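Step one of this worksheet: look at the structure below.
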Amino acid sequence: MARTQWLRAAVLGANDGLVSIASLTVGVGAVNQSAKAMLVSGLAGLVAGACSMAIGEFVSVHAQYDIEVAEMERRRRGSGSEEGVRGEESLPSPMLAAGASALAFALGAVLPLLAGGFIRSWSVRVGAVCAVSSMGLAGFGAAGAVLGGADIWKPALRVLGGGWLAMLVTYAVLRIFGLLFNMQVS
C-alpha cells in the first residue's frame, strides 16, 4: 500500500478512535457521573473498537489480496511467462493493515481517556474530554488536509464539527433515555 494510503488510514483510524471514545465517555456521563464508570466504559470501547477495526481491516485487505493473487494467476496462465507480472512482494499485507488500524484507533482513543479518566469532578471531567477531543479532532482534520495537499482550515473545522455532533447526539440520546427510563446508574 502506498505511503499516503497508510497515512490516510492512520489519520482516519485515529479520528475514529477519538470520536468513538469521546462520544462514549460523554454519553456514559449523561447517565452516570462516576469517573470510574467513564474510564471503564472508555477502556472497554478502546479494546472493542481496536479489535473491530483490526478485524475489519484484515478482512477487507485480505479480500483485496485474494483478488490480486487471482489476477496474477490469470495473467501468468494467459501469458505463459512471469514477465510483466507483479510479484507477491507488492501485495498488501492483511496483518500489517490490521495492526496499523488497531494501533491508530487505540492512539486516538487514548486522548479522551487520559483527558478525563482520572478527574473527580463530573463537569471538569466532561469539559476536559471535550476540550482535548476538540484539539485532537482539529489536529486530525488538519493532518488529513496536509496529506491531501489542501488548505487546513476547512477540513479541520469539518472534522471538529463532525466530532462535536457525534458527542452531542450520544449525550442527548443517553440523557433522554436516562430520564425516560430512570437509568441513572450508580
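Numbering (the numbering used here), first residue to last: -1 to 184. Cβ coordinates follow ideal geometry from the N, Cα and C atoms, glycine included. Here the structure is a predicted model, which is why all the values come from computation and not from measurement.
Helix, strand or coil at P110 according to DSSP, with G and I counted as helix: Taking the first residue of the sequence shown as 1, we reach residue 110 at position 112. The answer is helix: DSSP assigns P110 an H, G or I state.
Can you give me the Cβ contacts of A96 inside the same chain, cut-off strictly under 6 Å, excluding the 5 residues immediately before and after it? For this step, residue 96 is matched to residue 98 along the sequence shown. Taken in chain order, the residues that qualify are A52, E55 and F56.
Once DSSP output is grouped into helix, strand and coil, what is the label at Q62? Within the sequence shown, numbered from 1, the residue matching residue 62 stands at position 64. Correct three-state label for Q62: helix.
Could you tell me which of S132, F138 and A68 sits nearest to A102, measuring between CA atoms? Position 104 of the sequence shown, counted from the start, is the residue given in the question as residue 102. It is F138 whose Cα lies nearest to the Cα of A102.
Considering only C-alpha positions, which residue in the set S39, A98, W120 and G27 is nearest to V171? Within the sequence shown, numbered from 1, the residue matching residue 171 stands at position 173. Taking only the C-alpha atoms, the option nearest V171 is G27.
Would you identify the three-state DSSP class for M25, choosing helix, strand or coil? For the purposes of this step, residue 25 is identified with residue 27 of the sequence shown, where counting begins at 1. Note that residue 25 is Gly in the sequence shown here, rather than Met. The answer is helix: DSSP assigns G25 an H, G or I state.
By the DSSP assignment, the alpha helix (DSSP H) with A141 in it spans what residues? On the sequence shown, position 143 is the one that residue 141 refers to. Where A141 is concerned, the enclosing alpha helix (DSSP H) stretches over W120 to G146.
Are there three or more Cβ pairs, one per stretch, closer than 8 Å when the segment 6 to 14 is compared with the segment 59 to 74? no
Assuming the contact rule is C-beta atoms closer than 8 Å, E69 and L89 should be a hit. Round their C-beta distance to whole Å, please. Your numbering for residue 69 matches position 71 in the sequence shown. Your numbering for residue 89 matches position 91 in the sequence shown. Going by Cβ atoms, the distance from E69 to L89 rounds to 10 Å, so no, they are not a contact pair.
Since L111 and G40 are thought to touch, with beta carbons under 8 Å apart, how far apart are those beta carbons, to the nearest angstrom? Taking the sequence shown and counting its residues from 1, the one referred to as residue 111 is at position 113. Taking the sequence shown and counting its residues from 1, the one referred to as residue 40 is at position 42. Confirmed, about 5 Å.
How many angstroms separate the CA atom of G15 from the CA atom of E87? Your numbering for residue 15 matches position 17 in the sequence shown. Your numbering for residue 87 matches position 89 in the sequence shown. If I take the Cα positions, the gap works out to 30 Å.
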